[in-house]
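If you're matching positions, the sequence shown starts at 132 in our numbering and goes up one per residue. Backbone N, C-alpha and C fix where the C-beta goes; we use that ideal spot for every residue, glycine too. Notes to accompany the following structure.
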Amino acid sequence: MSNKEVKAALKSAREAIRNKEYKEALKHCKAVLKQEKNNYNAWVFIGLAAAELEQPDQAKGAYKKAIELEPNQLLAWQVR
């Protein structure tokens, strides 16, 4: 997956979340993480999608990973 493909997958994940297609969002994020295991945005999106799918443990773990990767970014702190 090229950098362009990673960006496209993250955009698709964001759109899926916006459209309440949370399982689809998870699919896109997991594809990104196969290529870039430390992608902050993918972890935040997984947290958002998992929370909406009533998977609190997965959501909490994803937010924790995002915060570990980028402790100065506010998004993961705000949604967790």
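Between the Cα of residue i and the Cα atoms of the options, which residue gives the shortest distance?
i	options	result
residue 196	174, 182 and 188	174
residue 149	192, 179, 202 and 188	179
residue 201	177, 171 and 158	171
residue 156	183, 167, 169 and 168	183
residue 159	143, 168 and 151	143
residue 73	168, 154 and 176	Nothing can be reported for residue 73: it is not among the residues displayed for the chain, which extend from 132 to 211.
residue 136	194, 162 and 181	162
residue 166	138, 188 and 204	138
residue 164	204, 134 and 203	134
Can you tell me whether DSSP reads residue i as helix, strand or coil?
i	result
residue 204	coil
residue 167	coil
residue 189	helix
residue 183	helix
residue 155	helix
Over what stretch of residues does the alpha helix (DSSP H) that includes residue i continue unbroken?
i	result
residue 141	134 to 149
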